[in-house]
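Protein chains in written order, with the UniProt record's numbering: chain Z, 1 to 397; chain U, 1 to 379.
Yeah, the Cβ is synthetic: ideal placement off N, Cα and C, and Gly gets one too.
This one's a predicted model, so the numbers in the text were calculated from it and none came from an experiment.
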Amino acid sequence: MDMEFSPEDLAFQKEVREFIAENYPAELRDKQDEGEEMSKEDFLAWHKILYKKGWIAPAWPVEYGGTGWTPTQRFIWSEETARADCIRLMPFGLAMVGPVIYTFGTPEQKAHFLPRILSGEDWWCQGYSEPGSGSDLASLRTAAVKDGDDYIVNGQKTWTTLAQHADWGFFLVRTDKEAKQQEGISFLLIDMKSPGITVRPIITLGGEHEVNEVWLEDVRVPQSQRVYEENKGWTCAKFLLAHERTGIAGVAASKRGIEKVKAIARTELDGDEPLIANAFFKRKLAELEIDLTALEFTELRSLAGPNAGRGPGPESSLLKIKGSEIQQRLTELTLEAVGHYGAPYFRGFGESDNEHPIGPDYAHRAAPTYFNMRKTTIYGGSNEIQRNIIAKMVLGL
Amino acid sequence: MDFTYTETQDMIRDTLSRFLADTYDFETRQKFIASDSGRDPAIWTALAQELGMLGAAFAEEHGGLGGGALENAIVMEELGKVLGIEPYLPTVVIAGGALKAVGGAQADAMIPEIIAGNAIVSFAYAEPQGRYDLANLKTAAKKDGAGYVLSGHKSVVYAAPWASHLLVTARTGGGQRDRDGVSLFLIDAKLPGIVRRDYPTVDGSRASEIYFENVAIPGDALLGAEGAGLPLVERIVDEATVAVCAEATGVMQKLHEGTLEYTQQRKQFGVPIAKFQVLQHRMVDMFMEVEQARSMTIMGTLKLDLPANERMAAVSACKAKVARGANFVGQNAIQTHGGIGITQELAIGHYFKRATMIEGQFGSADHHLGRYERIVLAD
Ligand SMILES: Cc1cc2nc3c(=O)[nH]c(=O)nc-3n(C[C@H](O)[C@H](O)[C@H](O)COP(=O)(O)OP(=O)(O)OC[C@H]3O[C@@H](n4cnc5c(N)ncnc54)[C@H](O)[C@@H]3O)c2cc1C
Ligand SMILES: Cc1cc2nc3c(=O)[nH]c(=O)nc-3n(C[C@H](O)[C@H](O)[C@H](O)COP(=O)(O)OP(=O)(O)OC[C@H]3O[C@@H](n4cnc5c(N)ncnc54)[C@H](O)[C@@H]3O)c2cc1C
Numbered sequence: 001m002d003m004e005f006s007p008e009d010l011a012f013q014k015e016v017r018e019f020i021a022e023n024y025p026a027e028l029r030d031k032q033d034e035g036e037e038m039s040k041e042d043f044l045a046w047h048k049i050l051y052k053k054g055w056i057a058p059a060w061p062v063e064y065g066g067t068g069w070t071p072t073q074r075f076i077w078s079e080e081t082a083r084a085d086c087i088r089l090m091p092f093g094l095a096m097v098g099p100v101i102y103t104f105g106t107p108e109q110k111a112h113f114l115p116r117i118l119s120g121e122d123w124w125c126q127g128y129s130e131p132g133s134g135s136d137l138a139s140l141r142t143a144a145v146k147d148g149d150d151y152i153v154n155g156q157k158t159w160t161t162l163a164q165h166a167d168w169g170f171f172l173v174r175t176d177k178e179a180k181q182q183e184g185i186s187f188l189l190i191d192m193k194s195p196g197i198t199v200r201p202i203i204t205l206g207g208e209h210e211v212n213e214v215w216l217e218d219v220r221v222p223q224s225q226r227v228y229e230e231n232k233g234w235t236c237a238k239f240l241l242a243h244e245r246t247g248i249a250g251v252a253a254s255k256r257g258i259e260k261v262k263a264i265a266r267t268e269l270d271g272d273e274p275l276i277a278n279a280f281f282k283r284k285l286a287e288l289e290i291d292l293t294a295l296e297f298t299e300l301r302s303l304a305g306p307n308a309g310r311g312p313g314p315e316s317s318l319l320k321i322k323g324s325e326i327q328q329r330l331t332e333l334t335l336e337a338v339g340h341y342g343a344p345y346f347r348g349f350g351e352s353d354n355e356h357p358i359g360p361d362y363a364h365r366a367a368p369t370y371f372n373m374r375k376t377t378i379y380g381g382s383n384e385i386q387r388n389i390i391a392k393m394v395l396g397l
Numbered sequence: 001m002d003f004t005y006t007e008t009q010d011m012i013r014d015t016l017s018r019f020l021a022d023t024y025d026f027e028t029r030q031k032f033i034a035s036d037s038g039r040d041p042a043i044w045t046a047l048a049q050e051l052g053m054l055g056a057a058f059a060e061e062h063g064g065l066g067g068g069a070l071e072n073a074i075v076m077e078e079l080g081k082v083l084g085i086e087p088y089l090p091t092v093v094i095a096g097g098a099l100k101a102v103g104g105a106q107a108d109a110m111i112p113e114i115i116a117g118n119a120i121v122s123f124a125y126a127e128p129q130g131r132y133d134l135a136n137l138k139t140a141a142k143k144d145g146a147g148y149v150l151s152g153h154k155s156v157v158y159a160a161p162w163a164s165h166l167l168v169t170a171r172t173g174g175g176q177r178d179r180d181g182v183s184l185f186l187i188d189a190k191l192p193g194i195v196r197r198d199y200p201t202v203d204g205s206r207a208s209e210i211y212f213e214n215v216a217i218p219g220d221a222l223l224g225a226e227g228a229g230l231p232l233v234e235r236i237v238d239e240a241t242v243a244v245c246a247e248a249t250g251v252m253q254k255l256h257e258g259t260l261e262y263t264q265q266r267k268q269f270g271v272p273i274a275k276f277q278v279l280q281h282r283m284v285d286m287f288m289e290v291e292q293a294r295s296m297t298i299m300g301t302l303k304l305d306l307p308a309n310e311r312m313a314a315v316s317a318c319k320a321k322v323a324r325g326a327n328f329v330g331q332n333a334i335q336t337h338g339g340i341g342i343t344q345e346l347a348i349g350h351y352f353k354r355a356t357m358i359e360g361q362f363g364s365a366d367h368h369l370g371r372y373e374r375i376v377l378a379d
């Protein structure tokens with residue numbers, strides 16, 4: 001065992017650091033520093049730079065456009081992008097449907113979709129959840145009925161993140177009503193501009209338009225856009241969910257988050273001293289940092305241990321639970337750190353949007369972010385469901 | 001020992017809760033908080049004139065019902081249940097509390113105005129550098145003939161856009177953090193030189209940054225003794241702290257009830273999710289936090305008249321417990337609702353927001369644990 005970086009790793013780290021320093025767009029950095037909301041174009045700007053460099057999909061096999069990096073190099077890459085506050089890449093194409101397509105797709109599907117995911121030409125969204133089917137995903141009712149070479153799809157999806165920007169969506173639909181729940185589901189790729197699709201916003205607690213309802217009325221989808229066999233979509237769905245959960249751990253981003261909370265706590269005063277000298281606050285920071293270290297080494301073990309390469313299994317539930325809890329505690333500490341200036345609210349009240357926010361720059365998003373991040377223990381399969389998975393799959397209960 | 005409410009107190013609660021049930025349903029509230037002014041002034045007028053509610057905590061000689069802190073707690077708890085943004089806390093609990101403590105001509109003149117609903121008072125005490133330290137003041141009032149000249153910046157002053165008067169803490173002497181030299185002033189909110197920047201708050205209210213630019217204030221604006229105001233300020237903030245704990249109790253009760261109701265309706269895996277034991281135990285834990293918040297609020301309210309140290313220890317115990325409870329109940333209400341809990345659509349998220357703001361109002365759990373330790377566990 002060895003946790004030191006090799007000279008090659010250190011050289012790689014230097015290369016990555018320099019690349020980011022030279023290529024990360026200054027306009028993006030400025031917007032982030034001002035706490036402005038990011039547009040679709042902002043997300044795509046960094047995506048395209050990484051695509052040109054050939055670094056857009058470190059986790060993919062080389063034959064489909066991956067980098068061939070070792071797990072350590074991928075770890076370094078996440079650390080460095082988080083350390084430099086790089087805008088996050090949208091996971092729906094790169095981390096979710098991409099791996100499904102290269103694992104289960106037809107040669108035609110691979111040839112058509114994978115390059116477009118890599119280049120950023122298509123923005124994807126995930127159509128899994130329905131109003132009546134949340135935790136019980138397999139109970140979904142959106143139905144696809146065969147009509148010649150096509151399916152006709154009818155139903156309603158909900159919580160579809162950033163569907164308002166999406167060119168394509170990957171959907172779970174019911175293709176056999178008679179079979180056992182899990183055995184009648186298929187995995188479809190649907191053009192979001194198809195006639196019959198309506199996207200309606202849902203506004204979340206922090207005032208964001210991040211999730212949507214998606215209505216499908218007689219939407220025609222060629223059968224060639226079904227991934228894997230008919231009625232075997234659950235296999236793809238589960239494969240994708242395990243990938244999704246690993247990503248949610250967000251270790252590198254949380255490390256950076258802790259640095260940011262520390263910076264705030266060094267600036268904010270508590271009596272004569274900076275807040276970071278407050279014994280209670282310091283204790284919470286220390287506990288959080290230790291918990292994050294535990295998560296980090298657990299993730300490293302799963303990435304680089306003896307089971308490496310077998311793809312994420314039920315242990316991804318552990319990473320999801322612990323990672324999401326840490327993310328929430330981070331936003332909670334930030335809100336606590338900013339004191340009174342957590343209260344002013346500046347979104348959705350017309351003209352005031354253009355005014356300079358009240359209080360220090362780091363304060364005005366603290367409360368909305370805290371409210372928004374309650375989602376992390378709910379989405380991607382709630383933490384209760386993750387605990388059920390560990391109980392069943394790992395502990396055999 | 002008797003923990004029952006008097007007939008009058010029951011009457012106050014019943015009258016108020018019936019009135020709020022009629023006027024303050026969630027959709028109506030959402031409409032007026034989104035309006036330009038952010039409130040419906042008719043509600044305040046009705047509270048004063050139809051219900052006599054603003055007089056519940058004042059002496060009969062001022063036109064009140066002769067109550068005190070318990071009556072305030074009842075009103076605050078009912079406001080909590082409907083997410084009321086009415087400025088009862090700064091006007092009646094805080095300014096009213098200060099006036100009652102000071103008495104005399106100032107109380108005689110102002111309390112009837114409060115009871116009648118003519119005066120709304122906002123409490124301008126916090127400053128950007130001060131966190132929860134009430135003595136940490138840069139705002140200064142300099143003697144000028146018979147009056148004073150006030151300069152400084154107060155932050156996040158709740159209800160200030162609606163206020164007819166401001167209750168302001170300022171230094172008349174001493175250094176920035178000294179206990180001596182703090183004075184309390186009750187002034188007209190429209191005096192020349194008062195500059196406000198108004199904004200909404202995350203919990204649906206309105207607040208302002210207030211800049212005092214050489215504001216000339218009369219000498220009789222001073223409440224209590226010059227430079228010796230800190231004990232008075234501490235006392236009224238303690239009253240305010242238990243009052244928001246009472247509000248929190250109402251908010252937490254609604255978070256809990258809403259969760260019970262939702263989990264009995266929402267089905268997953270073919271059963272109401274309330275059938276899952278892990279959720280049952282969580283709702284039991286939430287229930288216990290609500291009941292303990294109620295107990296601690298009563299304890300804190302009943303100890304407000306004890307000597308300062310005992311009062312402060314009790315209030316801090318109350319706030320620390322209630323803040324932790326509000327955090328637990330709020331977070332678990334959202335989690336148990338799943339995705340729908342984090343939307344603007346359901347009331348539950350809005351209760352969570354108010355619960356979150358109460359956690360930090362007048363000091364976080366950590367702040368109060370620290371104060372409790374200093375008083376009770378010193379040596
Ligand atoms: C911000 C956000 C973004 C999302 N983005 C997407 C997206 O892009 N695409 C997509 O398809 N979906 C998305 N989702 C949906 C998400 O995956 C679901 O919200 C989640 O699976 C939970 O379902 P639900 O909201 O219906 O809650 P419910 O299933 O109704 O659960 C309510 C509560 O009951 C608990 N519970 C349910 N069953 C059990 C059980 N058996 N044992 C113990 N507890 C249980 C849950 O854990 C939860 O606490 C998103 C959700 C959010 C909040
Ligand atoms: C608001 C929101 C809600 C969501 N809700 C749901 C939901 O409910 N249901 C659901 O199904 N999914 C949801 N997701 C998506 C999903 O849960 C995870 O975010 C995703 O799986 C992360 O995967 P990943 O770690 O592989 O991606 P990433 O961590 O982004 O990694 C991809 C690769 O890029 C690298 N990388 C990471 N950051 C950067 C950067 N800034 N610059 C350059 N390279 C970088 C990484 O090292 C990695 O190799 C949601 C996402 C968002 C944003």
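Separation of residue j from residue i, as counted between CA atoms
i: U/Asp366; j: U/Glu373; result: 10 Å
i: U/Ala42; j: U/Glu239; result: 27 Å
i: U/Ala57; j: U/Asn136; result: 30 Å
i: Z/Asp191; j: Z/Trp215; result: 13 Å
i: Z/His340; j: Z/Glu37; result: 23 Å
i: U/Lys100; j: U/Leu134; result: 20 Å
i: U/Ala355; j: U/Lys81; result: 11 Å
i: Z/Thr103; j: Z/Thr198; result: 30 Å
i: Z/Leu300; j: U/Gly370; result: 39 Å
i: U/Ala293; j: U/Gly300; result: 10 Å
Residue i classed as buried or exposed, judged by whether at least 16 other C-beta atoms fall within 10 angstroms
i: U/Leu306; result: exposed
i: U/Gln265; result: exposed
i: U/Val251; result: buried
i: U/Thr336; result: buried
i: U/Asn214; result: exposed
i: Z/Cys297; result: Residue 297 of chain Z is actually Phe in this sequence, not Cys. Burial call: exposed.
i: Z/Ala144; result: buried
i: U/Gly270; result: exposed
i: Z/Glu41; result: exposed
i: Z/Phe171; result: buried
Residue i, enclosing beta strand (DSSP E) - first and last residue
i: Z/His209; result: His209 to Pro222
i: Z/Arg174; result: Trp168 to Arg174
i: U/Gln280; result: Unbroken run through U/Gln280 is the alpha helix (DSSP H), Gln277 to Leu302; no beta strand (DSSP E).
i: U/His194; result: The sequence given here has Ile at residue 194 of chain U, not His. Taken as a continuous stretch (DSSP letters only), the beta strand (DSSP E) holding U/Ile194 covers Ile194 to Pro200.
i: U/His165; result: His165 to Arg171
Contacts of residue i in chain Z (Cβ-Cβ under 7 Å)
i: U/Ser364; result: Glu336
i: U/Gln268; result: Gly134, Ser135 and Asp136
Distance cut-off 7 Å: residue i Cβ against heavy atoms of ligand 4
i: Z/Gly313; result: This structure lacks ligand 4; the ligands present are ligand 1 and ligand 2.
Beta-carbon neighbours of residue i, restricted to chain Z and to distances below 9 Å
i: U/Met357; result: Gly342, Ala343 and Ala367
Amino acids of chain Z, ordered along the chain, whose beta-carbon sits closer than 8 Å to that of residue i
i: U/Thr201; result: Ala343, Pro344 and Tyr345
i: U/Ala207; result: Ala343 and Pro344
i: U/Leu369; result: Phe280
Residues that residue i contacts on chain U, provided the C-beta gap is smaller than 7 Å
i: Z/Ser382; result: Gly338
Cross-chain neighbours of residue i in chain U, by beta carbon under 8 Å
i: Z/Gly339; result: Arg131, Tyr132 and Gly360
Element boundaries [alpha helix (DSSP H), containing residue i]
i: Z/Ser78; result: Pro71 to Arg83
Problem - Contacting positions in the stretch 159-185 of chain Z - beta carbon closer than 8 Å to chain U - result: Trp159
Handout entry: Near-chain U residues of the stretch 130-141 of chain Z - C-beta to any C-beta below 7 Å
Key = Gly134, Ser135 and Asp136
Handout entry: Interfacial residues, the stretch 329-347 of chain U to chain Z, with Cβ spacing under 8 Å
Key = Gln331, Ile334, Gln335, Gly338, Gly339, Gly341, Ile342, Thr343, Gln344 and Glu345
Problem - Contact list for the stretch 24-50 of chain Z against chain U, Cβ threshold 7 Å - result: Shown here is that no member of the stretch 24-50 of chain Z has a Cβ falling below 7 Å from a Cβ of chain U.
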